[in-house]
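Student: If you read the sequence shown in this note's numbering, its first letter stands for residue 457, the second for the next number, and so on. A single structure is presented below for examination.
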Amino acid sequence: MTVRSRKERQSSEQEIPATTPAGLLEVEEAAAWLKVSRSKLFELMRDHEDFPVIQISDKIIRFDPNSLYKWALKRQRRAGRWIVSEHPFV
Numbered sequence: 457m458t459v460r461s462r463k464e465r466q467s468s469e470q471e472i473p474a475t476t477p478a479g480l481l482e483v484e485e486a487a488a489w490l491k492v493s494r495s496k497l498f499e500l501m502r503d504h505e506d507f508p509v510i511q512i513s514d515k516i517i518r519f520d521p522n523s524l525y526k527w528a529l530k531r532q533r534r535a536g537r538w539i540v541s542e543h544p545f546v
């Protein structure tokens, strides 16, 4: 049995997010939450190393909705950075 110091215990406790999800999302639920197709979700997972996914086993993955939200916020850009000429309010 490994005995951890108080500092090590506090450090590991700080890594746990302050808010825990009500439940983990399955692939279809995560895609629906992001409003993308299932294939686009897998594309995001492949293309973005920081995409938040929980691998339960070789064939089972889940998603924390809080982590998806944080990931999406990191990708948020101001409208001026994108071409929005077709936007109805511009």
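All residues carry an ideal CB built from backbone N, CA and C; glycine is no exception.
Name, in chain order, the residues that DSSP records as bridge partners for R518.
Tutor: The partner list for R518 (beta bridge, DSSP) reads I510.
Student: Could you check what DSSP says for L480 in three-state terms: helix, strand or coil?
Tutor: Three-state DSSP puts L480 in coil, outside helix and strand.
Student: CB R407 to CB A486, shorter than 7 angstroms?
Tutor: Limits of the chain in this structure are 457 at one end and 546 at the other, which puts residue 407 out of reach.
Student: Tell me which residues share the same chain as K526 and place their Cβ nearer than 8 angstroms to its Cβ, disregarding the 5 neighbours each side in the sequence.
Tutor: Contacts found: P508.
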